[in-house]
Amino acid sequence: MTDASNSAIPTRATGDSTGMDFLTSLPRRVVTVYIPLAIFIFVLLFPFYWMTISAFKPNAEMSSNRNANPFWIVSPTLENINHLLFNTDFPAWFWNTMLISTAATFVSLFASVLAAYAIARIRFKGADQVGGIIFLAYLVPPSILFIPLASIVYELELYDTSWALILTYPTFLIPFCTWLLIGYFKAIPYELEECAVVDGASRLQILVKIVLPLAVPGLISAGIFAFTLSWNEFIYALTFISSNEEKTIPVGVLTALIEGDVYNWGALMAGALLGSLPVAIVYSFFVDYYVSSLTGAVKE
Amino acid sequence: MASIPAIPYQSSWRSRLVENKNFLGAVFMIPAAGILLVFLAWPLLRGIWLGFTNATLGREGRFIGLGNFISLAQDSVFWLSVFNTFFYTVIASVAKFALGLWLALLLNHNMPFKAQIRAFILLPYIVPTVLSALAWLWMYDAQFSVISWLLTQLGLIDRYIDFLGDAWNARLSLIVANVWRGIPFIAITLLAGLQTISPSLYEAAALDGATASQRFWHVTMPLLMPIIAIVMTFSVLFTFTDFQLIYSMTKGGPVNATHLMATLSFQRAIPGGQMGEGAAISTAMIPFLLAAVLFTYFGMHRRKWQQGARDD
Numbered sequence: 001m002t003d004a005s006n007s008a009i010p011t012r013a014t015g016d017s018t019g020m021d022f023l024t025s026l027p028r029r030v031v032t033v034y035i036p037l038a039i040f041i042f043v044l045l046f047p048f049y050w051m052t053i054s055a056f057k058p059n060a061e062m063s064s065n066r067n068a069n070p071f072w073i074v075s076p077t078l079e080n081i082n083h084l085l086f087n088t089d090f091p092a093w094f095w096n097t098m099l100i101s102t103a104a105t106f107v108s109l110f111a112s113v114l115a116a117y118a119i120a121r122i123r124f125k126g127a128d129q130v131g132g133i134i135f136l137a138y139l140v141p142p143s144i145l146f147i148p149l150a151s152i153v154y155e156l157e158l159y160d161t162s163w164a165l166i167l168t169y170p171t172f173l174i175p176f177c178t179w180l181l182i183g184y185f186k187a188i189p190y191e192l193e194e195c196a197v198v199d200g201a202s203r204l205q206i207l208v209k210i211v212l213p214l215a216v217p218g219l220i221s222a223g224i225f226a227f228t229l230s231w232n233e234f235i236y237a238l239t240f241i242s243s244n245e246e247k248t249i250p251v252g253v254l255t256a257l258i259e260g261d262v263y264n265w266g267a268l269m270a271g272a273l274l275g276s277l278p279v280a281i282v283y284s285f286f287v288d289y290y291v292s293s294l295t296g297a298v299k300e
Numbered sequence: 001m002a003s004i005p006a007i008p009y010q011s012s013w014r015s016r017l018v019e020n021k022n023f024l025g026a027v028f029m030i031p032a033a034g035i036l037l038v039f040l041a042w043p044l045l046r047g048i049w050l051g052f053t054n055a056t057l058g059r060e061g062r063f064i065g066l067g068n069f070i071s072l073a074q075d076s077v078f079w080l081s082v083f084n085t086f087f088y089t090v091i092a093s094v095a096k097f098a099l100g101l102w103l104a105l106l107l108n109h110n111m112p113f114k115a116q117i118r119a120f121i122l123l124p125y126i127v128p129t130v131l132s133a134l135a136w137l138w139m140y141d142a143q144f145s146v147i148s149w150l151l152t153q154l155g156l157i158d159r160y161i162d163f164l165g166d167a168w169n170a171r172l173s174l175i176v177a178n179v180w181r182g183i184p185f186i187a188i189t190l191l192a193g194l195q196t197i198s199p200s201l202y203e204a205a206a207l208d209g210a211t212a213s214q215r216f217w218h219v220t221m222p223l224l225m226p227i228i229a230i231v232m233t234f235s236v237l238f239t240f241t242d243f244q245l246i247y248s249m250t251k252g253g254p255v256n257a258t259h260l261m262a263t264l265s266f267q268r269a270i271p272g273g274q275m276g277e278g279a280a281i282s283t284a285m286i287p288f289l290l291a292a293v294l295f296t297y298f299g300m301h302r303r304k305w306q307q308g309a310r311d312d
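As structure tokens, then:
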């Protein structure tokens, strides 16, 4: 399904609204399309350039006189990265975030596959209503849930453990993944399942051996999206975790690297850069899946 | 249809139960329903209940009726946060929509490296908000801001701008950072919507003598409206309940000038320990969220209706 839609986009794009682009002259196109687009790209990417260049700047250059060109580094240094990796808890935050994101993604995928299959294919009584309720759950923002959740997490004795996050992240991942997977499951022909039933397969066998292999693009889309959302999560991690070595990257970088009013910008930017890299790398490998899940979630 | 080929030699109560759709559906729903009930539905109800108690961090608290809401109604910081939330949501959403739509229209042209450009444009959306907010915080630094440096070099200003130290500067600076982060989501989803519009419609309109702006207002916009409704509802919802960006850049300061309802509820409930009061602020957000959800609901119905109701 994704393959089809991905290949459809470029082919269609060639004959798109663009179909009439030959009517506009090149200079006009430069002014109306390329210059605005270049400004957009510059503004959207500049903070990343700034983050990267600051991470490799020695402190002296960071606060040097105002006549020096700040857009370039005279003598790049690994000092900031070094400080981050060996003098702070950054490596621990990194592994925590990795572990929590991966575990939350798998928990969510497991629950979502079963739920989506039940809603899309078993068609039990009230399946549509349950689907609607799950969609509504997606619209409940974490910032109105964290206060009561904090007391629930406390009562379950999960406070300050990774489990607090592994079990609460699925609340915003499951609705999204389920909704996305319903779309993928609906696209699989019923005939395939009927053949399997005739051959004596159980529902679980049908799901594992027939439906899932065909829905792999959907699983990847949902998985990537869930992983990046967990990696980026902030308010639950801020509220449910207190000890330094249990923190996740966003919380750790923000709360532990800023000491009082002293901002060590080099180390902060190094933390921001290294903390962003894993999601950026995962994203770069699966851009098309990512875009299809982003747009798919809205279109469904 | 799936239950027709029942296996004849095995009709015990057990096999009949396994073939029963409702039973099987319920079993498959257990993991998702379990997590969502315990960690979403229950806290939602409990949060509303907490808003009517005087609970503190670690103490149960007892029912005090509208006590929290009455004290909030007389609390000028609360009303400031309500004003900020609306100001932030309205200005940021309008700007995100206008710029996002413009970017989507630009990307809908045929050009080299289109896929790569699209991939790079999404970066602000995928990078953790807190981490990109730190980059903005550094760019907004009172002494070493690169923006101020550039403007000084160009001769536009003679003193460095105090981006986050002044109430209105801080509000606008936060809005700029929020818009920066929100544009990619809106642009990419609207681009997907634009690509579903058949080029023949534009050609037909052009043949009938429609100008470019007429083609935009009478072909593009009506066809894009359903997806705009949904995308903007999501955007408004997430802007309204934003927490990360404010918390990581100003923590509500200077002197509460940039507190949103979400950051104020955190401030009161977690560091302040007044769980009941914090929950009351969260509860006060719910009516607005419900309004946004109803908007999505009708947006989707409109879409079904436009497509001849074959959306399933």
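Residue numbers (the working numbering), protein chains in the order written: chain D, 1 to 300; chain A, 1 to 312. By construction, the Cβ of each residue, glycine as well, lies at the ideal position given by its N, Cα and C atoms. Keep in mind that this is a model prediction, so the values were computed, not measured.
Check: Near-chain D residues of the segment 140-172 of chain A - C-beta to any C-beta below 8 Å; Outcome: ASP141, GLN143, PHE144, VAL146, TRP149 and THR152
Check: Distance CB(TRP180 of chain A)-CB(PRO124 of chain A) smaller than 8 Å; Outcome: yes
Check: Within-8 Å CB hit, LYS251 of chain A to chain D; Outcome: no
Check: C-alpha distance - SER284 of chain D paired with ALA119 of chain A, whole-angstrom precision; Outcome: 8 Å
Check: Spatially closest choice to LEU109 of chain D from D:SER293, D:LEU273, D:PHE40 and D:ILE174, by CA coordinates; Outcome: D:ILE174
Check: Continuous alpha helix (DSSP H) stretch holding GLY67 of chain A: start and end; Outcome: 67-73
Check: Contacts that PRO70 of chain D makes with chain A (C-beta to C-beta distance below 7 Å); Outcome: VAL146 and TRP149
Check: Contact list for the segment 26-40 of chain D against chain A, Cβ threshold 9 Å; Outcome: ARG29, THR32, VAL33, TYR34, PRO36, LEU37 and PHE40
Check: Straight-line Cα distance separating ILE81 of chain D from SER130 of chain A; Outcome: According to the sequence as given, residue 130 of chain A is Val; it is not Ser. Approximately 19 Å between the Cα atoms of the pair.
Check: Three-state secondary structure assigned by DSSP to THR56 of chain A; Outcome: strand
Check: Burial state of HIS259 of chain A (16 or more Cβ within 10 Å); Outcome: buried
Check: Exposed unless 16 or more other CB atoms sit within 10 angstroms - verdict on ASP311 of chain A; Outcome: In this prediction, ASP311 of chain A scores a pLDDT of 42, lower than 50, which makes its location untrustworthy; the coordinate-derived value is nonetheless stated afterwards. Classification of ASP311 of chain A: exposed, given that the 10 Å Cβ count is below 16.
Check: Residues that PHE113 of chain A contacts on chain D, provided the C-beta gap is smaller than 9 Å; Outcome: Simply none; closest approach about 11 Å.
Check: Any C-beta of chain D under 8 Å from that of ILE188 of chain A; Outcome: yes
Check: Neighbour-count burial assignment, ARG159 of chain A, 16 or more Cβ in a 10 Å radius; Outcome: exposed
Check: Close-in-space but distant-in-sequence residues of the same chain around ALA280 of chain A (CB under 7 Å, 5 per side omitted); Outcome: GLY51, ASN68, PHE69 and LEU72
Check: Helix, strand or coil at GLU157 of chain D according to DSSP, with G and I counted as helix; Outcome: coil
Check: Within 8 Å, strictly: CB atoms of PHE87 of chain A and ARG215 of chain A; Outcome: no
Check: Residue interval of the alpha helix (DSSP H) (run including ARG159 of chain A); Outcome: Neither: ARG159 of chain A is in no alpha helix (DSSP H) and is coded neither H nor E.
Check: Length of the line joining the Cα atoms of ASP3 of chain D and SER292 of chain D; Outcome: In this predicted model, ASP3 of chain D has a pLDDT of only 39, less than 50, meaning its place in the structure is not dependable enough to derive any value.
Check: Beta-carbon proximity list for ALA95 of chain A, same chain, < 6 Å, skipping 5 on both sides; Outcome: VAL179
Check: Chain D contacts made by the segment 99-113 of chain A, where a contact means CB separation under 9 Å; Outcome: LEU99, TRP102, LEU103, LEU105, LEU106, LEU107, ASN108, HIS109, ASN110 and MET111
Check: Cβ shell of VAL130 of chain D (< 7 Å), same chain only, five flanking positions each side left out; Outcome: ILE119
Check: With 16 other Cβ atoms within 10 Å as the buried cut-off, status of SER235 of chain A; Outcome: buried
Check: Environment of TYR190 of chain D [buried if 16+ CB atoms lie within 10 Å]; Outcome: exposed
Check: Buried versus exposed call for THR178 of chain D [16 or more other C-beta atoms within 10 Å across all chains shown]; Outcome: buried
Check: The segment 38-62 of chain D: positions lying closer than 9 Å to chain A by Cβ; Outcome: PHE40, ILE41, VAL43, LEU44, LEU45, PHE46, PRO47, PHE48, TRP50, MET51, SER54 and MET62
Check: Contacts of PRO254 of chain A in chain D (Cβ-Cβ under 7 Å); Outcome: Ordered by position in chain D, no residue passes the 7 Å Cβ test against PRO254 of chain A, which lies about 13 Å from the chain.
Check: Strand pairing of VAL262 of chain D, partner residues [DSSP]; Outcome: D:GLU259
Check: Simplified DSSP assignment, three categories, for PHE71 of chain D; Outcome: coil
Check: Runs of alpha helix (DSSP H) wholly within the segment 119-149 of chain A (minimum 4 residues, chain order); Outcome: 123-126 and 129-139
Check: C-beta contact flag for THR241 of chain A and MET285 of chain A at 8 Å; Outcome: yes
Check: Exposed unless 16 or more other CB atoms sit within 10 angstroms - verdict on GLY47 of chain A; Outcome: buried
Check: Enclosing alpha helix (DSSP H) for LYS251 of chain A [first to last residue]; Outcome: Neither: LYS251 of chain A is in no alpha helix (DSSP H) and is coded neither H nor E.
Check: Status (buried if at least 16 other CB within 10 Å, exposed otherwise) for GLU193 of chain D; Outcome: buried
Check: Limits of the alpha helix (DSSP H) - the one that ARG62 of chain A falls within; Outcome: First-last for ARG62 of chain A: undefined, no H or E at that position.
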